[in-house]
Each structure stands twice: as structure tokens, then as C-alpha cells.
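Please read the structure below before turning to the comments.
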Amino acid sequence: MKHIYFVLLLGTAISLSLHARSLRDPNDEMSPTPTFTPTPSNGCQPGYYGPECDLVCPGYERTSEGGEEYVYECSGNGICELTGNSVQCRCFSYAFGDDCANACMESYDEEEKKELICSDHGTCALSDANEAQCTCEPGYHGVGCSESCPGLSTVDGTVVECSSHGSCVNSSQNPDEELFMCQCSDGFFGEACDRSCPGQVEVEGVKMGCNGHGDCEEGKCVCHLGYYGEECESHCPGLLVDMDGVLRECNGHGDCDANTLQCVCSSDLYKGDSCDCDANTCSGHGKCNEFKECECESPFSGEFCSVKCDKDKDCSSQGVCTDQGTCTCMYRFYGSDCSKKCEDKANCHAHGTCVEGGKCLCDEGWVGDTCNKEDTSMSKKAAQLLVSLACLLLLILQLYLWNRQKKTPRFAEKLAPTKAIAPREVASREVEMKPVVSSASAAPVSIVGGWTCSACTMVNEATASKCSFCDTPRSKQTVTKPRRVRRGDAKNKGKEPVKTETAKETQTAKETEPVKESLLDPEEHSGERDVFSDEHVRISLAMKKMGEKQVNILLRYYALEDPLEELGFAISAPKYIKQECNAISATSIDKDKCAFQQLIYTLTEDKPLKMKVEGSYKWKGETVSVTTGGLKLE
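Below, the structure is given as C-alpha cells:
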């Protein structure tokens, strides 16, 4: 049986060997990378060693390719060797590390059908950062030595690139990309710098185009100032560099005609083809310097030394005599002959700086010709600035408060019971709250502000707060679009005017009137009409007048689509209306369900009932504000 098992293992090894690529010789760094480990002679599965077949070399990996299974060890960059009771990797020359994973870049030559290390144009070694890195041969660049510039050749045993007329540079702006191209030397152009510009000359061993007096752009010369011709070989006479380092033609005293290459002098005093300067140019009172300009003798000045300063205007050696015969004084000197010196403390009272012409440049807060007067307008300006800042702060505060009031729903301020109903709230605690149930299956559950029932068929007894919450509406109704709120129904019109009663009579009538009769049954809310609707919520209203002073309002809130969260609404009414229940707050309303709110209003004045429903709800995490138009109920 053991013999049969050994034959099976041997057959498997031979079968797998047929699909594997040949192993790399550790001494041949250009041989292919191994992708399969044959079965060891000890009978272990590929990749396992030792008497118990429990030893695995670092970098072990088992993969499948084309339906065949392959085993990699030493990251595919070395050979696993068994030494005693341990195994270790012997890496090839291009890989490093215990698992031979630190390796130089590999590539595959389709023509030669072999794998290449460093593109066969470099050597692999560890860098100072202890990483495998290719050191490229001359003429090759990039991480894997796979990039080269055009014009690569060998001249007299030396590798040159860019036709020996430029340098190969990486022009990519992306650090993760490599784009090498030739940067040509002066006088050459083209992708491989193999084309020369006209006017080739050699200056100090460097070849240059355009005779060294222009720039070569795509084989054409763009001449520098003062040079002309296709090869920038011509120029006008009198070409020199002035004292400012600027190249001038016609000795700086004329213009060059590009067609005739002749100078047109700016004055008849400049002589010759090059507009040169001589003794006659300087009017006999000066001489020409190396820049072909007149240097005048004292006391003469001007371009041609033709202006003479008066004796009393020799500028005291503290200025320059102008062409008009006046002195231009040096810094801190003034006067017609520059004999007066400007002192900050003496002339400007130590509150300014003496500038050209003996004038004072005053410090901040001081005015006057000699800076001797304090500027009182500064305090006024400061006061005006403070007032402006105060007004700006008040405006910002007003905008902030207005924005905050706009974002904060007004119903939040009314969630607590008002003082007007506090006595009734205390009294109601002494009465047992017995809900009137119109459905045998309904079971009351206490919530914030009232009760909830399973089918919206339970009505609370009269309490200080009759806000209620239900799970399902009476019936599913069609969603209507928002429309203008009309006045009360016709049945409410034409009623007798409300009689004026004293506060005592009102209180007595309210205490004697059965509260139960003042409530509307949510199941029988005839006359219900919509007051607001959008794509998420619909609000309806039903009204019932109880006596002459009391009005009962039933508000219902329907969730039309997804559940509504953090529902909160309040009813705003005039001061002359006493409100029994002022707000509703619920955690959520499921889709196709509702919450209802019973409100009892007591009119203290003979005026129409005016109210407004305000609040907000959350839909999918977004807060939506709701405000109905003013509702006027006759």
C-alpha cells in the first residue's frame, strides 16, 4: 500500500512539473523566476519539508492558474533549502530578505521569451534605505532601467544620448510617472537634438547657433536686440553696453534702420556713422567717457555741457546743477544753493522727518509746516470709528436674533401648560381619568400630553391637556394640494351675536357645563377640512361650537409617506381666547397613521376666533417647518 501511495505522489509531481516553468539557477540572475516547487524526495507535499512535513519556507504561496495548482516559495525569488531541522531561503542575486520579497523590478522580453531584471540594462543592489534598487547603465533611466531618450548611440566607446547635443530629463509633473525626453543644447533642436540651428559658432568650446546672438526656435533664429539677419550675423555700428548693463546701438544716441543697418542720430552734435561722441559734442566744456557720454566741467552741466550754473548756485557741493541752471539738492539739504541742512528735531520739532526741499513729513497725530500742532481731528475720527463699530455690532446682533427666531419653532415655547389653566390642571388630578372607549379592542396607553388608542376611537375626559395620539386614522383619505383657507362653513354663519358676560358668569358657566359634551368624537368629525398639506403630512380641522362662549377644535395630523419623527405643533390664538390644550409632541407617526389634538377655546371677547397652526416634523432626518395661514372662524 505504501508503494502505491508513493507512486501516486510521484505521478502527481511529474504532472505538475509539466505545467511549471523552469527553476532559476541561483548563479544566473537572468534566468526565469520559479513558479513551482517539485515534490521533495521525502514524500512531503510541495512546499513542505522535514520528517513530519511541517516545515515551510518563508514566502510560501499556493495558487491556481489554468486549472493547475502552483506552489511558490521564497516569494518566487529564491530556493528553499533544508538544513537539519530548519528551512531557509537562498535568494537569487536580484532579491533580498528572509523571504526574498525585497526584489528589483522584473520585466518579460516577448522576443527572447525570457524574464529580465532591471530591463537587462542595469544591476540590482541594496540602497542606503535597505531596498532593492536598479542601478542603470549609461543611457537608461527609470525605476526598472526601461526608459531611454532618442538619439542614443555609442561614440568612441562612450554611450551618448540626444545625439550628444542635449541631456535626457524626466519631464513628467507626476512623481508616480516617468516621461524622459531630450533637452537640447543651444544651437540644436528636434526630438533627438539631431538638427542644428543656422549660424553655428563655437564659443569657449561650446557650440551655439544664431552666431551666439539669438535664440533658435524650431530651426529659426530670433535675434537679440541690436542684431539682424537670418543667422543674427549683422548689427548697426556703435553697439555697446551702457552703465546700466543695457545693450545699445548707435552708441545710445540714435536708432538703427533694420533695412539699411545705418544709424539715425538723435542730434547733430553726435557725429559719424555710429553717432559717436567727441570734444565738440560736449561744447568744449567736457569730454566723452567710455560710455560715449559727456562728463562736464564745473560749473557746466547738461547732456552737452551747455548749461552753466550761477556763482550763487554752485549747489555747495550738496547738489547737482540741472539743465535749467537750478540746483537739485541731496537728501537732507535744501535751499537755492543746497547750503541748508534739514534736521528732524530742529526743523520738525521732533514730530516728523525732514525730506527733500526742507519740508517736514509729520508723524501721525501732528500737523503744520514744522509739525508743531497736534492733530485734534484724530480724536474725532476715533469717536466716529467707535460709533460705526457699535452700529455694525448692533446690526449683526439683530440679524443673528432674527435668524435664530426664524429657525426656532414658536411651539417649543408653549409646550409647558400656561398659568391660565394651572388651577384646572390641579383640580383634574383629583378626578379619576376614565377614557370613553367606542371600540372594544382599544386599550389606552399614556403618552406625552394625553392618551393613545389603537384605532383612533378613544376620547379623553376633559383634562388640562387633551392632546392625543393614535395609531391609525379613521379612514384613508386622498392627499390634497395646499389651498387657500376659506372662512367657516355656512352653518356657522348668521348665528346670534355672542352676549357680553362677566368673568364670574363665564367661570360659572364653564364649571357647570359638562366637559364631555364639549369634545368632538374623532370617529365622527363631520365638517372636517384641510388647512395644510405637503408630500409628507396633512393637517385637517373640525370645529364644534358649544354654547355661546366655548368652541371645540379637533386637529388631525396624517403621515402620508414615510414615518414622521419628533412631531411638534402649537396653536397660536389671540389673547382674548382661553386655550385648554396648547401643543402636541409625539415621538413619531407611522405611515398612513395619525395624531389628533383636542382644543377647547373660551372666548372672553365678542370677536371672531383667529388662530394659526405652527410646528415642525422630521422626515428622514431633515427638519421641516409647517405654518398654516391665519384661520378666521366666525
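Residue numbers (mature numbering (1 follows the signal peptide of the UniProt record, and there is no 0)): -20 to -1, 1 to 614. Note that CB positions come from ideal geometry on N, CA and C, so glycine has one too. If you're wondering where the values come from, they're calculated on a predicted model, not measured in any experiment.
By the neighbour-count criterion, in which 16 or more other beta carbons inside 10 Å mark a residue as buried, M85 falls on the buried side. Look at R509 here: in three-state DSSP terms it is strand. Contact annotation: K272 and L219 have beta-carbon atoms that are not nearer than 8 Å. Proximity of the region 221 to 236 to the region 270 to 287 meets the contact definition, three or more beta-carbon pairs being nearer than 8 Å. Between F512 and T608, the CB-CB gap stays under 8 Å.
Annotated three-state conformation of S107 is coil, per DSSP. The C-beta distance from D317 to C301 rounds to 10 Å, too long to fall under 8 Å, and the pair is not in contact. In the DSSP assignment, A522 falls within the beta strand (DSSP E) that extends over V517 to M526. Short of 6 Å from the beta carbon of C268, and not among the five residues preceding or following it, lie these beta carbons of its own chain, in chain order: C257. Note on V135: under 16 other CB atoms within 10 angstroms of its CB, so exposed under the neighbour-count rule. Beta bridge pairing from DSSP links S214 with Y208. Put simply, of S297, G266, R518 and T603 the residue whose alpha carbon is nearest the alpha carbon of G282 is G266. Residue environment analysis places R384 among the exposed positions, since fewer than 16 neighbouring C-beta atoms fall within 10 angstroms of its C-beta. If you look at Y88, you'll find it in the beta strand (DSSP E) that goes E86 to D89. Rounded to whole angstroms, N150 and V139 show a C-alpha spacing of 19 Å. Distances from the alpha-carbon of E158 to those of C177, C125, L132 and P178 put C125 closest. Taking 8 Å as the upper bound for CB-CB distance, E229 and G264 are not in contact here, some 27 Å apart. For E95, the enclosing beta strand (DSSP E) covers residues K94 to I97. Rounded to the nearest angstrom, the gap between the Cα atoms of G234 and D248 is 11 Å.
The beta-bridge partner set that DSSP reports for T115 consists of T103.
M188 and S143 have their C-alpha atoms some 15 Å from each other. In the DSSP assignment, K272 falls outside any beta strand (DSSP E), carrying neither H nor E. Here DSSP, grouped into helix, strand and coil, assigns Q530 to strand.
For K598, the closest alpha carbon among the candidates C69, A553, L547 and L589 is that of L547. In the structure shown, N57 adopts coil according to DSSP, grouped into three states. Beta-carbon to beta-carbon, F576 and L535 are separated by about 7 Å, close enough to satisfy the 8 Å threshold.
In this chain, the beta strand (DSSP E) harbouring D235 covers G234 to D237. Assigned with DSSP and collapsed to three states, K361 falls in helix. Taking the Cα of G102 as reference, the smallest distance to any Cα among E92, C116, E95 and D108 is reached at C116.
Looking at the backbone, the Cα of T43 and that of V517 are separated by about 60 Å.
With respect to F72, L106 sits apart: the two C-beta atoms are not nearer than 8 Å. When secondary structure is reduced to three states using DSSP, Q385 falls in the helix class.
In the three-state DSSP reduction, G179 falls in the coil class, being neither helix nor strand. Apart from the 5 residues on each side of it in sequence, S128 sits with its Cβ closer than 6 Å to the Cβ of G119 and Y120 in its chain, given in chain order. A direct Cα-Cα distance of roughly 36 Å separates F160 from Y208. A Cβ-Cβ distance of about 3 Å is found for the pair C334 and C322, placing them in contact under the 8 Å criterion.
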